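This report concerns only the one structure given below.
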Amino acid sequence: MHWENETENLVFDKRTLLNIAKLMRKGIFDKMEGLISQGKEANVFLASQGNNYVAVKIYRIETTNFHNRIKYLLQDPRIKKVKHTQYDLARAYASREFKNLQLAYELIKDVPRPFYHEGNVIVMDFLGEEKVPYPQLLNADVSKEDFLDLFGKLKRLWEGGLVHADFSEYNILKGPKNYIIDWGQGLSKKSEMAQEYFKRDVENLIRFFKKRDVDVSEAEEYLATFKG
Ligand SMILES: Nc1ncnc2c1ncn2[C@@H]1O[C@H](COP(=O)(O)OP(=O)(O)OP(=O)(O)O)[C@@H](O)[C@H]1O
Ligand SMILES: [Mg+2]
Numbered sequence: 118m119h120w121e122n123e124t125e126n127l128v129f130d131k132r133t134l135l136n137i138a139k140l141m142r143k144g145i146f147d148k149m150e151g152l153i154s155q156g157k158e159a160n161v162f163l164a165s166q167g168n169n170y171v172a173v174k175i176y177r178i179e180t181t182n183f184h185n186r187i188k189y190l191l192q193d194p195r196i197k198k199v200k201h202t203q204y205d206l207a208r209a210y211a212s213r214e215f216k217n218l219q220l221a222y223e224l225i226k227d228v229p230r231p232f233y234h235e236g237n238v239i240v241m242d243f244l245g246e247e248k249v250p251y252p253q254l255l256n257a258d259v260s261k262e263d264f265l266d267l268f269g270k271l272k273r274l275w276e277g278g279l280v281h282a283d284f285s286e287y288n289i290l291k292g293p294k295n296y297i298i299d300w301g302q303g304l305s306k307k308s309e310m311a312q313e314y315f316k317r318d319v320e321n322l323i324r325f326f327k328k329r330d331v332d333v334s335e336a337e338e339y340l341a342t343f344k345g
């Protein structure tokens with residue numbers, strides 16, 4: 118973890134700092150240990166309270182793009198509006214991910230347990246060992262058992278009314294269980310495109326396990342007769 122090497126994306130804006138402060142005041146964690154991951158829309162940090170670790174996902178308000186553009190827009194009165202909208206968007210994503218995590222936790226358990234949500238920041242179980250996150254499925258050995266486990270989870274989520282909508286070998290951490298992470302895109306089964314997204318999730322599962330020479334006929338047959 119290198120705070121030193123990261124610059125632009127780790128410059129916290131005031132609202133993010135305030136949200137972190139609120140969580141610290143509540144005693145959720147008292148130390149930010151470092152950066153776990155820098156994604157397109159969010160950064161994930163490891164935080165701790167003594168020996169207890171949590172993952173803190175912070176949806177970025179100011180993207181790199183935004184930073185690049187800001188100098189040209191400084192005189193523009195609309196900049197305030199842009200900032201406002203960026204925060205609202207970040208907060209909406211965090212809120213959605215938090216709610217999806219709560220429901221997914223009820224339905225399948227094997228997701229990071231969500232603890233707190235404050236604006237654009239969510240706090241959840243840290244899934245890893247010795248400050249190192251479990252590997253993404255992409256970087257793990259997999260078996261037919263893993264396939265059946267994940268296929269079962271996707272079906273249970275669907276039956277419970279939830280679609281991940283960004284399911285892939287990148288958004289699964291393999292530890293003692295196969296944990297499904299990254300729920301910001303998740304949506305209700307009742308949403309307009311839910312069936313399409315669900316089918317795409319299952320197709321991603323099939324594609325990955327096929328590449329790893331696992332027999333995926335159960336899922337192929339399921340999709341072939343899938344009626345929603
Ligand atoms: N609860 C967690 N425990 C441990 N590590 C985590 C946790 N949540 C996320 N991570 C780590 O951070 C990475 C990115 O998490 P996530 O996919 O939720 O964020 P993201 O912003 O969507 O990133 P990307 O844009 O790269 O998909 C994960 O691959 C994992 O290594
Ligand atoms: Mg991801």
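In our numbering, the protein residues as written are 118 to 345.
Backbone N, C-alpha and C define an ideal beta-carbon position, used for all residues, glycine too.
Everything numeric in this text was worked out from a predicted model, so none of it was measured.
Beta-carbon proximity of residue i to residue j, cut-off 7 Å
i	j	result
P229	M241	yes
V331	F243	no
Y204	I178	yes
N160	A207	no
L271	V319	yes
D227	Y296	yes
Y355	A282	No statement about residue 355 is possible, as the shown extent of the chain runs from 118 to 345 and does not include it.
L322	L274	no
E235	N169	no
F264	F343	no
N95	G303	Nothing in the structure corresponds to residue 95, since the chain is present only between 118 and 345.
K316	P252	no
L140	I153	no
R329	V259	yes
Range covered by the alpha helix (DSSP H) that runs through residue i
i	result
Y314	311–328
F268	261–276
I137	131–142
Y339	334–341
Opening and closing residue of the beta strand (DSSP E) in which residue i lies
i	result
D242	238–242
S154	148–155
S165	159–166
F232	231–235
V228	Run containing V228: none; DSSP gives neither H nor E here.
V171	169–176
I298	Unbroken run through I298: none, as it is neither H nor E.
K291	289–291
Whole-number beta carbon distance between residue j and residue i, since they are thought to touch under 8 Å
i	j	result
G301	R213	6 Å
L255	Y287	6 Å
K248	E338	At roughly 42 Å, the Cβ-Cβ gap does not stay under 8 Å, so K248 and E338 are not in contact.
L279	S308	In fact, because the Cβ distance is near 10 Å, the residues do not count as touching under 8 Å.
K174	I239	5 Å
Subject >> Any heavy atom of ligand 2 nearer than 5 Å to the CB - residues listed >> reply: N288, D299
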